[in-house]
Every structure is written in structure tokens, then in C-alpha cells.
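Right, one structure below, let's go through it.
Number of protein chains: 2
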Amino acid sequence: MLCSIPIVCRVDHAMQLTLKQLRYFVCAGENASVTKAAKAMFVSQPSISSAILHIEEQTGLDLFIRHHAQGLSLTPSGQRFMLKAKQLLEEADNLGKFATSLTESISGSLRFVSLPTFAPIILPSVMRQFRDLYPDVHLHCDEADQEKILAGLLEGRYEFAVTYDLQVPAELEFTPITEFPPYVLLPSDHPLATATAVSIEQLAEHPMILLDWPMSRDYFYSLFLSQGVEPNIAYRANSLAMVRGLVANGLGYALFNTPLASDTSLDGHKIVMLPLTGSPHPTRLGVATLKDVRSTPAANAFIDKLRTQLM
Amino acid sequence: MLCSIPIVCRVDHAMQLTLKQLRYFVCAGENASVTKAAKAMFVSQPSISSAILHIEEQTGLDLFIRHHAQGLSLTPSGQRFMLKAKQLLEEADNLGKFATSLTESISGSLRFVSLPTFAPIILPSVMRQFRDLYPDVHLHCDEADQEKILAGLLEGRYEFAVTYDLQVPAELEFTPITEFPPYVLLPSDHPLATATAVSIEQLAEHPMILLDWPMSRDYFYSLFLSQGVEPNIAYRANSLAMVRGLVANGLGYALFNTPLASDTSLDGHKIVMLPLTGSPHPTRLGVATLKDVRSTPAANAFIDKLRTQLM
DNA sequence: ACTTAAGCATAGGAAAAACCTATTCAGGCT
DNA sequence: AGCCTGAATAGGTTTTTCCTATGCTTAAGT
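Sequence lines, in order, name chains V and G. Its first residue numbered 17, the first sequence is counted upward by one per residue in the working numbering. Its first residue numbered 17, the second sequence is counted upward by one per residue in the working numbering.
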């Protein structure tokens, strides 16, 4: 039979002091009296007494010199211990204040995320306005594709996301802010450029420049499919600027939904923007947040600014 | 009948978070799991759960995103709160460590007090030795008369006192270290200077220089009174140096108990030191501490050094 | 699609801690 | 000596903490 080795459960008997006990002790130390401390803390005298005794037992310190019938005074060790205890209590209070500041004040930092499609178009001015109002809040804006955005929200990396309402899972809340109806970008010498509006059917036969991003791709494709036609993809591009350049140089038309301020491509050619007839399904832009998590005041303030900006 | 005004008890509902709750929360946050935290903390899963819920209720924060059947992740607020909570817990641990350091290690600072009569004669060399052994301990030595010494001990201003066992109250513990038998200081041309020892009776008629300090005065007087004679006080002086100067210049003899290393006064005259016959009552030098308060290791170490120095 | 597994929340009762009232005890004060 | 003050103790009650058992919701597996 083997020798059974006794396993010593090493729970590392860390001194167990509660904040309450420390509070009682400090109060007694400052008043040099258990009774006065009891009055100040709105508890009975034995409560203070036993808290002190408990700390003395836990630490092995003699905190007080008991003067019979006339209160207490701190021992030198007690004085030193009280100093540190007060610091700790201070920090504990600060933690509480910090918590309320997180729920109540617009401060600290704010992390959010958006799609690179329109982040640089919409967010800079909102961030500018926000910074002017709340200069102490540190803004951090990431750009990522929809998949990463949703994962980041679920993992708590971002407080909110400015994105489309596409494939948003049930755990997330999507509050729409505005809609972007799709429109056509045409080179100025395109046969359809003189119309006031064009239909999907009209466009189908012409060569198209496709913004080749996961979401855009699916969305614009769906506009044709819902009309029973298929687009004639001549070129694919990976940035808005490139698409505009290709259009401006007459290589085809493109569909867009994010509003563009400029009617000129980077190389100086003019572009014509026309609405689509038949009110095609617009994309909905909004804010995605976690369903069961209250937003911070900073996040709410930012989202408000975003809303007024877009509406 | 007067309107009864309802008194709103404004107890300033300060957020009541316990360290234990914070510990549970942090552990859950670090493990991204209530269950794992429960195992790590050796408590049941609901204990962790309710601690978190309690903090969330108290602070109004949503600390975690609950992923059904696959743990938790911290919200942005939760992340920030956890950082601060960890800091607080760190500080709490430090307080515990500080307490044990007070009881176990020779460190920090050490305040004590002694009588100016012999403090400068005895303590400097002990302090020197102590500093060489424990250079990090800060020594603070006050000088005060017996009355102030005793009050200072009772108020916790000093950890111990090096003094005589005179009028020590019951709350204090006096541990004697050594005895100082009184002896005579004579000018070298004094009629008794050639003897090997002198008696109190012999001295009584000669002019005496009295060290006019409360305790010394009473003590030396008592040596005469116990023999049924009275001293012939010619001069009174307020310092050892002055007494020695007066003696050396032939103005009288003096009684001393603290041992002197030099047989020369400050102005260069020789002094003769002779023992008293009849073994008069010696003064007892020792250490006074509070009776019910354990001394710190630093104090014990110092007192040990003092004892080996004097014995 | 249905079942199983994982994992947090809730319920209810038991154990522990905190608290309160009443009393004791030890020194000062008159 | 007797009263007063103020801390400690005793004993019982309330509050908190903790545990077991169960429910509920989604992911994963078949």
C-alpha cells in the first residue's frame, strides 16, 4: 500500500479585511472613541468595537491603547496603519465615483467602429463637432468590414457601430438613422447622361463598374435581380475613388448609395449623378449596439450628434 | 394641528461595494466566465453570479455581455471598471502586507524618547549600531522630562522610552536594564578628594552643586534624607556640563549617577570621582512601554541593542 | 430538426456574519 | 466609597452570504 501524501490546501490565507471594518476603525481612530465613532456611523457601539477587534486579530497589530473610561488613542503602529487604511478607503470611494461617472457623465474615452465605405465621408465632421463640445473625451474610431464589426460589438470591443442593418444578429440592436437610396454615376458623355432619372432595366445592358466589396456587391446585385435582369459587369474596383475614376473616363456607369459631395473625379473629369426610377430598396444606415447593455452618456451624445448630422 | 413635515433621512447612499464582490467580479472578468471564476475562487457559481449582479445594481453599469452557453465578455464600461477595481484590490493586498510588515519585519520608523540627562550619553552609540544593522529603519529620538515621557507613551506618540523607573503608572511596563549607583564629583583640591570613598554624612556639611532637574533633585535629596541629614546646597545648575564646570572650579561637590567618561571639565580642570559608602539606593534605568501593546520588531531589536550595550 | 451540452440566472433554504440590547468591567472623578 | 464614563462581552435577532437544485437559452452534434 502506498503512502498517502496529505495535500495541504494552500488557500494562502490572505488577510480578510472588509472595507466596512476599516471604515469603522478609521472613524474610531479619528474620534479617539468607539462610542463617538458608533454615533458618527449610525451603528451601535459594539459594532465598532468588534470591527476593531477583528482587524487586530487578523493583522496581529495592537491598534489602540485603551484608556479606561476615557476613550482610545492610536498606538504608533495603529497610526501608521490608519494612514494606509484611509488611503485605501479613499481609493474605494474613487472607484464608486468612477462608476457613477461612467454612467452619468460624458467623459473618458469612446471606442466605436464603422464601415470604410462611408466612415471617412460621414464621421470626421461628427467627430469634429463632438470634440468641440466634449474636448476631454478621447474618441477612437476603427474601420472594419461588417463581420468584424459585429464580432467586435459582441466581444465588447466597441460601444457602438455606425453601419448598415445587414445581417445584424438578434443580440444586437439596430436603430436606423437615415436611408440612402441608390443612384447612378454616369460619365458626362454617356447615352443616358441627359435623362433626369434612369431605370434598372435601362442600365442592365450598359457596361457597369462594380464596387467589389462584400456588402456593396450583394446589395447592388440584388437591385437587378429583383427586377429580373442581370447587370453587365465590365470592371470591378476596390475603392470609391477608383470607381469614380473609371466612370469619369467613360468605362461604364456605377451604382452608389453613399452621397458624394464632389461631381469630379480625382483626375478632373466630370461625373453625372442621376436618381433611379421605381424607388428601389434603399440601404438603411444606423447605429448598432448591444441589446441588453446600456450605452454610456458619451456614446449617446455621439449618436445624437450623428443623427442631427444625417437628418 | 400642524402639518407634519416628513424628514428625509439623507444618509448619502454611498455605493456599498465589498472587496469580496470586486474580487469575484475581476476573477470572472479575467476568465470571461462565471463558472471558471467560481472554481478559481473555490465558491459556487451563483456566488460569483450574484456578486456581479450586485455590483451592476449598485453602480448602474452593465459590466458583462452574456453569451448564452458560452461565457461572458466585458463591456467597454466593464473593462474600464475592472481596471480600476484591480488597482483597488492590489491596494487592499498591499494594506494587508503592510500590516504584517509592521508585526514581522524590522522596517519603517521607530519613535522613542529619553531623558536629556543621559540620552546624549547612552543613545548615540546604540543608534549608530542599530543604523548599521538596519539602515532602512528611520530612528526618531525625542528628549523630554519624565512627565512628558509618560504622557507621550500613553498617547501613543512613542513606542518606548528609555528612562528611570520613577512614577511609572500601572498602564506602563517598566523593564529595568541596569542600575546607576550614585557617586561624588569633587574638585581635585577638595579636602575629601584623597579618600577612596566618602559617606553621605561626610558630604552633608560641604557646599553642594545641585543638578536642578525635577527627578535628579528629588532623587539626590532623598539620599540625604534617608540618612537623617540635609545637604548644603551652594549652587544650582541646569546642565551636566555646568555642574561639572562649577565642581572643577572648586565651588563645591556634586552627586551624579550617570557615568561620565571624561575626568575633565569643559574649561580643562580636573575632577575626581569617588564612590559613596553605605551602598545608597541606586537609580534603575530601563525601558518603559505600554503594558497591553505588543512592541514592533524594530522596537524589540533596538531595546536588545540597548541592553547589550549597557550590560 | 431534434437532442445534448454548456453556462448564466433564479429559488429556497442553511450557514455565517453583522448587528443590537443589555450587561459587565475597569478606571477616573467627586 | 460611590457615581460616571466608556470599552468589552453575552446572547439573541436580523441580514448577508453561500450552497444545492433547477430553469432557461443558445451552440453543437447527430
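All residues carry an ideal CB built from backbone N, CA and C; glycine is no exception.
Taking a beta-carbon distance threshold of 7 angstroms, glycine 45 of chain G does not count as an interface residue toward chain V. In the three-state scheme derived from DSSP, where H, G and I count as helix and E and B as strand, arginine 310 of chain V is classed as coil.
Along the length of the region 55 to 133 of chain G, whole beta strand (DSSP E) runs at least 3 residues long occupy 80 to 82, 88 to 90 and 125 to 130, reported in chain order.
Taken in chain order, the whole beta strand (DSSP E) runs of length 3 or more contained in the region 126 to 212 of chain G are 154 to 159, 176 to 180, 188 to 196 and 199 to 203. Secondary structure of methionine 258 of chain V (DSSP, three-state): helix. Minimum Cα-Cα distance from asparagine 110 of chain V among the listed residues G:Lys286, G:Leu104, G:Ala48 and G:Leu306 corresponds to G:Leu104. Annotated three-state conformation of glycine 302 of chain G is strand, per DSSP. Taking 8 angstroms as the Cβ-Cβ cut-off, the region 159 to 183 of chain G approaches chain V at Leu170, Glu171, Gly172, Arg173, Tyr174 and Glu175, given in chain order. DSSP, read as helix, strand or coil, puts threonine 324 of chain V in helix.
Cβ proximity to chain V below 8 angstroms picks out Leu306, Asp308, Val309, Arg310 and Thr312 from the region 292 to 312 of chain G.
Per DSSP, reduced to three states, the secondary structure at alanine 48 of chain G is coil, with no helix or strand assignment. In this structure, DSSP gives leucine 241 of chain G a helical state, which the three-state scheme calls helix. Going by DSSP, leucine 276 of chain G is part of no beta strand (DSSP E) at all; its letter is neither H nor E.
DSSP, read as helix, strand or coil, puts asparagine 265 of chain V in coil. In the DSSP assignment, tyrosine 235 of chain G is bridged to no other residue.
Of all residues in the region 187 to 210 of chain V, the ones placed with a Cβ closer than 9 angstroms to any Cβ belonging to chain G are Glu187, in chain order. Shown here, leucine 35 of chain G sits in a helix according to DSSP, grouped into three states.
If you compare the alpha carbons of V:Ala44, V:Val245, V:Glu46 and V:Asp78 with that of threonine 116 of chain G, the shortest gap goes to V:Asp78. Under a criterion of Cβ atoms nearer than 8 angstroms, the residues of chain G adjacent to threonine 34 of chain V are, in order, Thr34, Leu35 and Lys36.
Phenylalanine 318 of chain V is positioned such that its CB atom lies no closer than 7 angstroms to that of phenylalanine 190 of chain V.
Chain order gives the chain V residues near serine 89 of chain G as Glu171 and Gly172, where near means a beta carbon separation below 7 angstroms.
Counting every other CB atom within 10 Å of its CB across the protein chains shown gives glutamate 175 of chain V a total of 16 or more, marking it as buried.
Identification of residues in the region 96 to 112 of chain G having a C-beta nearer than 9 angstroms to some C-beta of chain V yields Arg96, Phe97, Lys100, Ala101, Gln103, Leu104, Glu107, Ala108, Asp109, Asn110, Leu111 and Gly112, given in sequence order.
In terms of CA proximity to phenylalanine 134 of chain G, G:Asp158 leads the group G:Leu292, G:Leu118 and G:Asp158. The beta-carbon of isoleucine 64 of chain V is placed no less than 7 angstroms from the nearest beta-carbon of chain G.
The C-alpha of tyrosine 40 of chain V is placed about 42 angstroms away from the C-alpha of threonine 324 of chain G.
Under the Cβ criterion of 7 angstroms, phenylalanine 114 of chain G is counted among the residues facing chain V.
Put simply, the CB of isoleucine 81 of chain V is near chain G, with a gap under 7 angstroms to one of its CB atoms.
Residues of the region 123 to 137 of chain V with a C-beta atom less than 9 angstroms from some C-beta of chain G are Gly124, Ser125, Leu126 and Arg127, listed in chain order. Non-local beta-carbon contacts of phenylalanine 236 of chain G in its own chain, meaning distances under 8 angstroms to residues more than five positions away in sequence, involve Pro198, Leu226, Leu227, Pro247 and Leu271 in chain order. Residue range 287 to 291 is occupied by the beta strand (DSSP E) that includes leucine 290 of chain G. In this model, histidine 156 of chain G and serine 89 of chain V are separated by some 20 angstroms (Cα to Cα). For threonine 119 of chain V, a Cβ of chain G is located within less than 7 angstroms of the residue's own Cβ.
At a Cβ-Cβ threshold of 7 angstroms, valine 259 of chain V and isoleucine 287 of chain V do not count as neighbours.
Distance from the CA atom of alanine 315 of chain V to the CA atom of leucine 326 of chain V, rounded to whole angstroms, is 16 angstroms. Check the Cα spacing between asparagine 273 of chain V and each of V:Leu301, V:Ala211 and V:Leu188: the tightest is with V:Leu301.
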